[in-house]
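Q: Numbering (my numbering), first residue to last: 7 to 236.
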């Protein structure tokens with residue numbers, strides 16, 4: 007079984023060119039995906055604020071390796087990081103997402119879902135792209151998104167978490183075949199799913215915190231880039 011972070015990468019990768027949409031935002035996105043995964047596994051929670059001056063912190067519900075059915079080294083490492091000390095979701099999405107992209111892409115390649123292609127930009131700068139090798143699994147993920155966002159089907163918690171992450175970067179309406187459905191309708195459906203009652207409150211609070219943290223990180227990086235170029 008793939009992680010939500012891996013599903014997210016597959017969705018954001020162009021199948022033909024192997025380049026990544028929102029590459030400048032991928033670190034907090036993947037960190038957010040790890041938080042969402044742990045929230046759905048009910049291994050983390052958002053602790054109540056201790057004062058009006060403090061920010062809500064993410065805490066581990068029970069710090070031990072995940073059960074065999076859920077165990078993944080990357081998730082267990084994320085749990086260990088969260089358990090070190092109280093941190094906000096905004097801190098954690100960048101902290102957990104650091105270095106995750108390359109590791110996850112290599113895992114997807116090992117599973118035969120993408121393949122690494124080495125080339126050079128302008129014949130000078132080496133780069134690796136990751137075009138699709140087998141689209142079967144990705145197509146199944148897209149079908150679930152299509153059902154939820156366009157056909158109005160009830161999504162699973164896992165699909166809802168993926169929608170929340172895509173919504174954080176304004177991309178949910180771009181990953182489905184809208185047909186005659188206006189983009190604003192799909193965006194509204196994505197927002198409805200993100201905010202819907204599809205999980206227990208503790209889980210939903212943690213997913214909402216991860217989504218808000220990704221959005222904040224994206225805004226901060228965009229603002230920083232704008233200032234640097236002015």
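Idealized CB from N, CA, C, for every residue including glycine. Quick caveat: nothing in here was measured; it's all calculated off a predicted structure.
1. Can you round the beta-carbon distance between residue 195 and residue 155 to whole angstroms, since I take them to be within the 8 Å contact cut?
2. Within the continuous beta strand (DSSP E) that includes residue 51, where are the two ends?
3. Between the alpha carbons of residue 172 and residue 114, how many angstroms are there, rounded?
4. Taking the alpha helix (DSSP H) that residue 174 belongs to, which residues open and close that run?
5. Which two residues bound the contiguous alpha helix (DSSP H) that contains residue 91?
6. Do residue 64 and residue 223 have their CB atoms nearer than 9 Å?
7. Give the single residue among 28, 9, 7, 8 whose Cα lies nearest to the Cα of residue 2.
8. In the DSSP assignment, find the alpha helix (DSSP H) that holds residue 194 and state where it starts and stops.
9. I need the DSSP call for residue 211, collapsed to helix, strand or coil.
10. With DSSP as the reference, label residue 79 as helix, strand or coil.
11. State the DSSP-derived secondary structure class of residue 236, mapped to helix, strand or coil.
12. Determine the direct distance from the alpha carbon of residue 15 to that of residue 233, and round the result to whole angstroms.
13. Do you know how far the Cα of residue 12 is from the Cα of residue 86?
14. Per the contact definition of three or more C-beta pairs closer than 8 Å, is the stretch 34–46 in contact with the stretch 91–107?
15. Could you compute how far the alpha carbon of residue 174 sits from the alpha carbon of residue 7?
16. On a Cα-Cα basis, can you pick out the residue from 80, 102, 50 that is closest to residue 34?
17. In the DSSP assignment, find the beta strand (DSSP E) that holds residue 134 and state where it starts and stops.
18. Which residues in the same chain as residue 152 place their Cβ atom closer than 8 Å to its Cβ, once the five residues preceding and following it in sequence are excluded?
19. When you compare each of 221, 220, 226, 215 to residue 54 by their alpha carbons, which one comes out closest?
20. Using CA coordinates, which residue listed in 185, 126, 169 is at the minimum distance from residue 178?
21. Rounded to whole angstroms, what is the Cα-Cα separation between residue 18 and residue 167?
22. Give the single residue among 157, 23, 211, 66 whose Cα lies nearest to the Cα of residue 187.
23. Assuming residue 205 contacts residue 161 (C-beta within less than 8 Å), just tell me the rounded distance between them.
A: The answer reads as follows:
1. Within the chain shown, residue 195 is the residue found at index 189, counting from 1. Within the chain shown, residue 155 is the residue found at index 149, counting from 1. That belief holds up - the Cβ atoms of residue 195 and residue 155 are roughly 5 Å apart, short of 8 Å.
2. As a working mapping, residue 51 is identified with position 45 in the chain shown. Segment 50–52, the beta strand (DSSP E) holding residue 51.
3. One-based indexing of the chain shown puts residue 172 at position 166. One-based indexing of the chain shown puts residue 114 at position 108. Rounded to the nearest angstrom, the two C-alpha atoms are 20 Å apart.
4. Stepping through the chain shown from its first residue, residue 174 is reached at position 168. For residue 174, the enclosing alpha helix (DSSP H) has its first and last residue at 163–174.
5. The residue given as residue 91 occupies position 85 in the chain shown. Segment: none, residue 91 is in no alpha helix (DSSP H) and carries neither H nor E.
6. For the purposes of this step, residue 64 is identified with residue 58 of the chain shown, where counting begins at 1. For the purposes of this step, residue 223 is identified with residue 217 of the chain shown, where counting begins at 1. Contact: no.
7. Look at the range of the chain in this structure, 7 to 236, and you will see that residue 2 is not part of it.
8. One-based indexing of the chain shown puts residue 194 at position 188. Start and end: 189–201.
9. As a working note, residue 211 is residue 205 in the chain shown. Of the three classes helix, strand and coil, the one that applies to residue 211 here is helix, per DSSP.
10. Taking the chain shown and counting its residues from 1, the one referred to as residue 79 is at position 73. If DSSP states are grouped into helix, strand and coil, residue 79 belongs with the helices.
11. Here residue 236 refers to the residue found at position 230 of the chain shown. Confidence is the limiting factor: at residue 236 the pLDDT is only 47, short of 50, which leaves the residue's position unreliable and the question unanswerable from this model.
12. Looking up residue 233 in the chain shown gives position 227. Looking up residue 15 in the chain shown gives position 9. Low confidence applies here, because residue 233 scores a pLDDT of 46, under 50, leaving its location unreliable; read the following figure in that light. Distance between the alpha carbons of residue 233 and residue 15: 28 Å.
13. Locating residue 86 in the chain shown gives position 80, where the first residue counts as 1. Locating residue 12 in the chain shown gives position 6, where the first residue counts as 1. Their Cα atoms are separated by approximately 20 Å.
14. yes
15. Taking the chain shown and counting its residues from 1, one reaches residue 174 at position 168. Taking the chain shown and counting its residues from 1, one reaches residue 7 at position 1. Going by the C-alpha atoms only, they are around 24 Å apart.
16. Against the chain shown, residue 34 aligns to sequence position 28. Of 80, 102, 50, the residue nearest in Cα terms is 102.
17. Taking the chain shown and counting its residues from 1, one reaches residue 134 at position 128. That run of the beta strand (DSSP E) goes 131–135.
18. The residue labelled residue 152 in the question sits at position 146 within the chain shown. If we look at residue 152 and ignore the five residues flanking it on each side, its Cβ neighbours are 182, 183.
19. In the chain shown, the residue the question calls residue 54 occupies position 48. It is 215 whose Cα lies nearest to the Cα of residue 54.
20. Walking along the chain shown from the start, residue 178 turns up at place 172. Comparing Cα positions, the closest option is 169.
21. Numbered from its first residue, the chain shown carries residue 18 at position 12. Numbered from its first residue, the chain shown carries residue 167 at position 161. Straight-line Cα distance between these residues: approximately 15 Å.
22. Taking the chain shown and counting its residues from 1, the one referred to as residue 187 is at position 181. Considering only alpha carbons, the answer is 157.
23. Against the chain shown, residue 205 aligns to sequence position 199. Against the chain shown, residue 161 aligns to sequence position 155. Not confirmed; about 11 Å, so no contact.
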